[in-house]
Structures are given as structure tokens and as C-alpha cells.
Amino acid sequence: MALYTADWTPLGKNVYYRKIELYSMQWVDKVNISDFVVAAAPFGGPIALTQDRKKLQKVQIANKSNIYIFSASGQVISTIKWNSGPLVHMGWSSSEDLICVLEDGTVLLYDLFGNLTKTTSMGQDVKDTKVLECRIFNSPKFYTGIAVLTGAYNFFLVNNIKDPRLRKMASVPDLDAPPSSWAVIAEERNTKLLVAKDATLYMLSQNEGKCVQVTPTFNNKINAVTEIAVSCNNQRVALFSDSGALWMGTASLEKKFCEFDTQCKARPQQLVWCGSGAVVLFWQVEVENIMLVIGPEKDFMNDIFYTPIHLVPEIDGVRIISNSTHELLQKVPDAVTDVFRIGSLSPSAILLEASNEFRRHSHKADEYIRMIREKDELEEAVECCLKAAGHEFQPSTQKMLLRAASFGKNFIPDIDPEPFVKMCQTLRVLNAVRVNVIGLPITYTQLEFLTTRVLLDRLVLRRHYQYAICICQYLKIPDTEGASRILDHWACYKVKRTNLDPSQTARVIADKLGSTPGISYAEISNKAMDFGHPSLAVKLLDYETRASEQVPLLIKLKQETQAMFKAIESGDTDLIYSVIRYLKTTLSKGDFHMKIRQFPVAHSLFLKLCKEQEPELLRENYCQESDFNSEGHCFVTESYQTKRVEKQSSCLQEALNSYKKAKNDFAIQITEEHLKLLKYQTTFEEKFHEDFKGLSLHQTMKQLLVHREFKHADELRKEFKVPDKRFWWLQITVLADGGDWLELEKFSKSKKSPIGYEPFVEACVKHANVYEAKKYLSKVKEENKIKYCIKAGLLEDAAKVAFEKKDVAALNQIQGLCHGVMDRTISDKITMWRSQLSSKR
Numbered sequence: 001m002a003l004y005t006a007d008w009t010p011l012g013k014n015v016y017y018r019k020i021e022l023y024s025m026q027w028v029d030k031v032n033i034s035d036f037v038v039a040a041a042p043f044g045g046p047i048a049l050t051q052d053r054k055k056l057q058k059v060q061i062a063n064k065s066n067i068y069i070f071s072a073s074g075q076v077i078s079t080i081k082w083n084s085g086p087l088v089h090m091g092w093s094s095s096e097d098l099i100c101v102l103e104d105g106t107v108l109l110y111d112l113f114g115n116l117t118k119t120t121s122m123g124q125d126v127k128d129t130k131v132l133e134c135r136i137f138n139s140p141k142f143y144t145g146i147a148v149l150t151g152a153y154n155f156f157l158v159n160n161i162k163d164p165r166l167r168k169m170a171s172v173p174d175l176d177a178p179p180s181s182w183a184v185i186a187e188e189r190n191t192k193l194l195v196a197k198d199a200t201l202y203m204l205s206q207n208e209g210k211c212v213q214v215t216p217t218f219n220n221k222i223n224a225v226t227e228i229a230v231s232c233n234n235q236r237v238a239l240f241s242d243s244g245a246l247w248m249g250t251a252s253l254e255k256k257f258c259e260f261d262t263q264c265k266a267r268p269q270q271l272v273w274c275g276s277g278a279v280v281l282f283w284q285v286e287v288e289n290i291m292l293v294i295g296p297e298k299d300f301m302n303d304i305f306y307t308p309i310h311l312v313p314e315i316d317g318v319r320i321i322s323n324s325t326h327e328l329l330q331k332v333p334d335a336v337t338d339v340f341r342i343g344s345l346s347p348s349a350i351l352l353e354a355s356n357e358f359r360r361h362s363h364k365a366d367e368y369i370r371m372i373r374e375k376d377e378l379e380e381a382v383e384c385c386l387k388a389a390g391h392e393f394q395p396s397t398q399k400m401l402l403r404a405a406s407f408g409k410n411f412i413p414d415i416d417p418e419p420f421v422k423m424c425q426t427l428r429v430l431n432a433v434r435v436n437v438i439g440l441p442i443t444y445t446q447l448e449f450l451t452t453r454v455l456l457d458r459l460v461l462r463r464h465y466q467y468a469i470c471i472c473q474y475l476k477i478p479d480t481e482g483a484s485r486i487l488d489h490w491a492c493y494k495v496k497r498t499n500l501d502p503s504q505t506a507r508v509i510a511d512k513l514g515s516t517p518g519i520s521y522a523e524i525s526n527k528a529m530d531f532g533h534p535s536l537a538v539k540l541l542d543y544e545t546r547a548s549e550q551v552p553l554l555i556k557l558k559q560e561t562q563a564m565f566k567a568i569e570s571g572d573t574d575l576i577y578s579v580i581r582y583l584k585t586t587l588s589k590g591d592f593h594m595k596i597r598q599f600p601v602a603h604s605l606f607l608k609l610c611k612e613q614e615p616e617l618l619r620e621n622y623c624q625e626s627d628f629n630s631e632g633h634c635f636v637t638e639s640y641q642t643k644r645v646e647k648q649s650s651c652l653q654e655a656l657n658s659y660k661k662a663k664n665d666f667a668i669q670i671t672e673e674h675l676k677l678l679k680y681q682t683t684f685e686e687k688f689h690e691d692f693k694g695l696s697l698h699q700t701m702k703q704l705l706v707h708r709e710f711k712h713a714d715e716l717r718k719e720f721k722v723p724d725k726r727f728w729w730l731q732i733t734v735l736a737d738g739g740d741w742l743e744l745e746k747f748s749k750s751k752k753s754p755i756g757y758e759p760f761v762e763a764c765v766k767h768a769n770v771y772e773a774k775k776y777l778s779k780v781k782e783e784n785k786i787k788y789c790i791k792a793g794l795l796e797d798a799a800k801v802a803f804e805k806k807d808v809a810a811l812n813q814i815q816g817l818c819h820g821v822m823d824r825t826i827s828d829k830i831t832m833w834r835s836q837l838s839s840k841r
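Here full-length UniProt numbering is used: the first residue of the sequence shown is 1, the next is one more, and so on.
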């Protein structure tokens, strides 16, 4: 196993660190990073370089105002021509946007290809007092924040640059010069600043809004804390003092792990955490560059570099970038230690040895397997070999460990094959993205933290679309989450960069995407519009199958006619109404009415909408079309919707004018009579102090009769030529309902009834007044007497009339109505009369 542990260095009991070369940098002989300010993104991310203003005279690159973005393998990705003012600090967001903070507090965000994506500001106070120092940090929720120190020695904080909310932190007491050092501790719900004012440390809490002094215990007196480093998980802190002492402990500073004397009082170029288990310091001393790694048990290791380096902290190590190489320093994972440690007798180490012996066709393989199986540790050994394979970078070592795991699986009945298959897939993906062309040296631990989806997003950001799609297909990720989403990004990039004919570009995109599930042509069209290609956006919408997505974008593109056609084709009235509303707000009244008439369906829906919500607009539409009949109907409808007599009268007069233009004689007559009735009702209201508004002619006469205003009721009858039959029915009903039997009798004698006297009987019977009903029975027509006698309950009288008419059927009917003791006499009489009629036959 010595071959695999040659680069291991012990750092404590059973703890080893190793340095893995990731790349030989492609920028070799072109870049000397000591002349640059370096900002490298975590998780194997890109590297940004800009000239160090303090060393401008040493820069060999011609343009001194550029920012260069490289992949982790040193391959040029893009160049930003800088002309935005003094740059104070730059760093990377969690979504790999380059963040540039200017002296006036302006924050610029660029994508990997140097395109400005967002501009924001740290506020007026920061702008007035200028930014002295800045820290860019990532929170546990994967947000990226910014903290700045201003010229007034105040701290300002933005927790999430995607949703910038500026907070001013509490003031540090008596701070009249820049602090000797400071750092950000980003907790899940509370961001804190740890500020060193010489030897005194203060904790500034975002939530509490106060400044609290904290006192970590140093073995010897110090004059200042000159450097502070916070681990990637924000749970540990390292403090470097002017005496050369390094303090390591928890982020709350309540627990100290160790204090180490570095024997160097100079402030290190960099102080970072290697994962969360060790601290790395780097000094540049003349020709040599010294790197010191210190563990929590005071164990240490050092290394000397003869070229400048830059350290990038990771969750599981630290990346070391130099002019010629890119390396990863990390704690050797426990699974790898178990397998490869010299003299290891762990089950995984024995299983690896068994696998190697089996390949040599040695009988020792069986002995080793028996040793593991006797202790029932075979499943544990297989799992450990799989984990170790995941942490290895060399494909040959990965294969060896996978073969060992596969060999061990054969001796475990019913073992789940999924972990083995998943690890093989994961390693193929990791090896694929680590190649120089891609330049993503992500570790297995980092991939577990980021997830495969984020890795795919990062490939898409680098425009490695085909790589990303192949990974999706290999991992069998559903199209809606994988290939479709990536193709969507590709299409958006395509429409941004295109210089081709819109129709041709739209066809190329459609041929590539087809009807792939999850693809939204509307979204791609929207991007084309944002990038200033409206013609392409319109062409792309032809391939969108959802009208609900098409129509809003066509409206946005001012393609009103096409939007209306698509909305009508969809049959969705809501979409049609949305186009109508847009036309109404953007066109003049005349142009709107001209436009809407071109679409009969939309015109009908518009009229319906107006009837329900905007009657005035409906009336204007009818006026535009010279539809005077419909215009008159609108005025009449409006008259019924108001309670003001003047307004009602005015609307009816307008309606009359419209009907005259339409030469609608019937409507003219009705409207004139309505106006006449309105005048009468106004007069009656003034005279009787009663409400006659909204009543019909019939209701008006009824109300007059109820109040015994017979003269006025009769006046209305004559004026409006109400038929006598209708008027008599009304007066009989009102008098009977009011119980005015004397007036009813008087009315019956006023002249011969045009409707006969049956209604009088009906009215009396309705109110159970048989006495009054008898007064009118004699005047009822002969053929109706029996019927109305029965209605009045006068069965004997009905029987007499039936006998006189010799109507046997009627006698039988009446006898059938006789019930009880009281009617027995009538029944007997009917029997007798019926016998007499029978004998006469």
C-alpha cells in the first residue's frame, strides 16, 4: 500500500493529509499570480484575475484595466474590459456570478462570460463615505452576501445580493481607524461580524443590533489580532496575533481547540481553513513561499513553494493555485485511510487484498474472504471500498476499489446493488467534468453537498450543453428535470447570440427541440424579446402550442392582430378579453371600434362585456355603427338603473330621439307613453307623498285604487287607453283585497260589467265572503251558475239549478261533494230529484 500513501503526511493520531495535483495550468508562462488580485470560486469554480494596483509597474499584460476569467484548469473563459471606477474587492457568488464591489458602494454582477447581469448599490451612506474594505460570504442557505467597512468606520451588510436589503450594523466603540482584522460568521438566521480592534474582539450581531466584547484566551499577551479566518461551515474560527500565536476554536470563541506558536510575527498573506479540521497559513518570504498546516492538536506540516500561490478554502480541503499547477490539499477521507493505511487490518483493506489475490489466481483470496465473513464484516468492507473509490481522483485507483467491492458483493446474498451502480455512475460523471476542457475539479464530498442538479446547472453556465445532456441521459434523469431544461437554456443562449434570419433561427431551434416535454417556446420567445430580437420572438411563438402562453407575449410584442386570431382559435374567452382590454387601452376610441369589428367573435364578446360593465361604452359603439335601435335600448336600460326622475326622463328622451332616427314607430309610441307616465307619477308623488318611481302603468293604477283615488285611476285608464276588461279586473281585485265590499257592490252597478260577474264571485270566494258572493250569483251567466254556486259552497242552490236544467250529471257531481251530517238533507233531495227526472223519461 506504500504506493498509495507516498503523498500522505500525518497530522495527529491516525489523521493524514494529502496533496492531489488537479491540473497543470494552461496559463503557464502567461500569468504570474503575484502580480494579480485573485478571486477563485469554491467547489472547483472559476478563477478571476485583475491587476494588483500596487504592482502595476510589474504587469506584463498590455491592458491594465481588465478582469480575466479562467476555468480551474487555467483555460481562458472571458475578459471584462474594466471602465467602471475603482475596484475595492471581487469574489464569487454561490451561483458563480462574479461580484465586483466599487469604492462608491456600487455592486456589479457578471456571468462567466463577462456579461453584466445586475447592478445594485450599498446605499447612500456607503456612497458618501466610500468603501474601505469588503467581505463576500456564503450563508448556510446558499445565499451570497456582502459586508463592507466604510470610511466612517461603520459596517453595512447585505445578506442576499439577489434580494438586497441593506442593514447597518452596531458601531464598534471608539473605532477611529480601520480594525486590525475582521470577518463574517454567517449563521442560518443571524449574520455576525467578528471585529478585532487591536487585541480587543467584538461580535456584531445582525439580529440583536448590538456590539458585544468577546475575549478568547491567549496563553501570552498579544497586542493585536491581525488575521481572522472562518471555516466554510461557519462553525470554527482561527485568529492570528501579532506575536505569531494562532488560536483555533469555535465560532462563539467560547471553546479553544489549541494555540500554536508559528514562530513568525509577520501577518500571513492568507489564513484559511482546510475543511473544518485544520488551518492553513501562507507567507511569501523573498524567493520562498511557506505554507504551514496546523491541526487542532498542535500537529503541523509545512511546505515550501518557489512560485507564488493562492489558497481557496473548500468544505473538504483547500485548493492551491500557482503559476503552473492547481492542487487540492485535503484530509485523507476515513474510508481511504481504512483501506490504504500501512499495516491496516480493517475489513476493507483485507477485502482489497483478497480482490488483488483473486486476480493473481491465488488461493489466499479465499482465506481473506473467510477472515472477513467470520467476523460478519463483509458488508461493511464492501461499503467502505465503495466510499473510498468515490474519494479517489485516479481512475485506476477507482477501478481497483470498485473491483474489490464487486468481488465482496458476490459473497453477500440478497445485497442491494443500487449503491454500487450509483457509485459507478457518480464516478463516471466526476471523471467527465474533471477533464481539462471542462475544468470542474469537484470532489465526491462537494458533489454530495451541491447535488447533481447544481452540477448540471454549472455545466450549462459554462455552455457545455452536450456534456450536460449526455450526463442526464446516462443518469436517466427525467426530461423535464434534465435534458428539456438544458435544451431550454441552450435555446435562450442561441437567441441571444444569433445573427441569422429570424425564420431560419426559429426553425433551427424548433428542429433541435421539437416537442420535447417541458420545453416552453414562450419562455424562449420572451428571452429573444429581452435580447432585442422581436421578429425572432414572433417566429418562435408559432411553435408554442399553449395559447395561454402565446397570447400575452404577442400582446407584449404589439402583434395585436395575431394575438386576437390565436385567442379566438383557442376558444378561451379570458384570452379574448385580455386582447380586447389591451386594444381598448392602446387605441383611440375610433380606431378601437374599427379594429374590434374585424373580429365578429371578439366583437360579440365585447358587446356582452359592455352590457355587464360599461353601458356607456356599449352605447358609443352602437352610435359608431349607426345602430340607433340598439342605442335607444341602451338609453332605456339606463333609465331603469337610476332613481333620479330627471336623469330617467333625460335617458327616455334620448331613447326617443334614437328611435326616431331608427324610424321605429312602435318603440317611439312606447317611449312617449313611458315619458307621459313618468310625468303623471311625478305629479302623484308630489300630491300624495307616495313613491311611484319605477312602477308600471298597471302598478300605478293599482296603487291609486288602493288609496281610493278612483278618479285619478280612471284618468290614467282613459289617457293610456287601458282596456275596460283589464281595468275592471284590477279594480275588483283591489277592492276585494281591501275588503271594501260596499264600494265593490257600488262598482258592479256603475254600468254593465265588460267581464261579466263571475270575477266578482271569484273575488268574494277568495276572501271567504259567501254573503257578498250571493249578490252576484244571480247575474252570472246561466251556463256558469252551477259551477260558481259550487265554488261559493252553495250546494243546495247548485242542485236546484241543475234540477231545473235537468242536468243529471251535475246532480251526480254535487251529490259527490256532499259529506257529513249537514249535507245529508241535500243529498237526499238530490236523490229524489234524480228519481223524478228518471221517471219523466
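From the three backbone atoms N, C-alpha and C, an ideal C-beta is built for every residue, glycine too. Fair warning: this is a prediction, and the values are worked out from it, not measured in the lab.
Counting C-beta atoms within 10 angstroms of its own C-beta, residue 434 has 16 or more neighbours from the protein chains shown and is therefore classed as buried. Setting aside the 5 residues that flank it on each side, residue 740 has no residue in the same chain whose C-beta is closer than 6 Å to its C-beta. Linking residue 437 to residue 334 through their CA atoms gives a straight-line distance of about 31 Å. For residue 565, no beta strand (DSSP E) run applies; the uninterrupted alpha helix (DSSP H) run containing it begins and ends at 560-570, by DSSP. Spatial neighbours of residue 305 in its own chain (CB-CB distance under 7 Å, excluding positions within 5 residues in sequence) are listed in chain order as 289, 291, 322. Ranked by Cα distance from residue 504, the first of 482, 471, 726, 538 is 538.
Distance check between residue 9 and each of 427, 301, 489 places 301 closest, using alpha-carbon atoms only. When C-alpha distances from residue 277 are compared across 262, 283, 284, 297, the shortest belongs to 297. The continuous stretches of alpha helix (DSSP H) do not include residue 232, and DSSP gives it neither H nor E.
Exclusion of the five residues before and after residue 338 leaves 344, 346, 348, 349, 384 as the residues of its chain whose Cβ lies within less than 7 Å of its Cβ. At the C-beta level, residue 69 and residue 48 come within 7 Å of one another. In the DSSP assignment, residue 770 falls within the unbroken alpha helix (DSSP H) covering 770-777. Shortest Cα-Cα distance from residue 204 to any of 258, 177, 161, 252 involves 252.
The alpha carbon of residue 710 has as its nearest neighbour, out of 730, 408, 693, the alpha carbon of 730. Using a Cβ distance threshold of 7 Å, residue 432 and residue 352 do not count as a contacting pair. Residue state for residue 25 is assigned as coil, using DSSP reduced to three classes.
In the DSSP annotation of this structure, the continuous segment of the beta strand (DSSP E) that includes residue 247 starts and ends at 245-250. For residue 723, the three-state secondary structure derived from DSSP is coil. Taking residue 525 as reference, the option from 491, 501, 558 with the minimal CA-CA separation is 491.
If the five residues before and after residue 224 are omitted, its C-beta is found closer than 6 Å to the C-beta atoms of 180, 198, 199, 242, all from its own chain and listed in chain order. The Cβ atoms of residue 91 and residue 136 sit closer than 7 Å to each other.
Residue 781 and residue 810 have their alpha carbons spaced roughly 16 Å apart. With fewer than 16 other beta carbons inside 10 angstroms of its own, residue 65 counts as exposed. Distance check between residue 175 and each of 168, 196, 164, 159 places 196 closest, using alpha-carbon atoms only. Collapsing the DSSP output to three states places residue 313 in a strand. In the structure shown, residue 82 falls within a coil segment according to DSSP collapsed to helix, strand and coil. DSSP places residue 193 within a strand segment (E or B) once states are collapsed to three.
In this structure, the beta-carbon distance from residue 94 to residue 144 falls below 7 Å.
Sequence-distant Cβ neighbours of residue 444 in its own chain, meaning closer than 6 Å and more than five residues away, are 390, 391. If you draw a straight line from the Cα of residue 830 to the Cα of residue 789, it is about 15 Å long. Taken in chain order, the complete alpha helix (DSSP H) segments of 4 or more residues contained in the segment 342-405 are 347-359, 364-374, 378-391.
Distances from the CA of residue 574 to each of 601, 557, 594, 471 were compared; the closest alpha carbon is that of 601. When secondary structure is reduced to three states using DSSP, residue 73 falls in the coil class, being assigned neither helix nor strand. Cβ-Cβ distances below 7 Å link residue 802 to 786, 810, 811, 814 in the same chain, with the five nearest sequence neighbours on each side left out; the list follows chain order. The beta-carbon separation of residue 793 and residue 770, rounded to 6 Å, stays under the 8 Å limit for a contact.
Spatial neighbours of residue 807 in its own chain (CB-CB distance under 6 Å, excluding positions within 5 residues in sequence) are not present.
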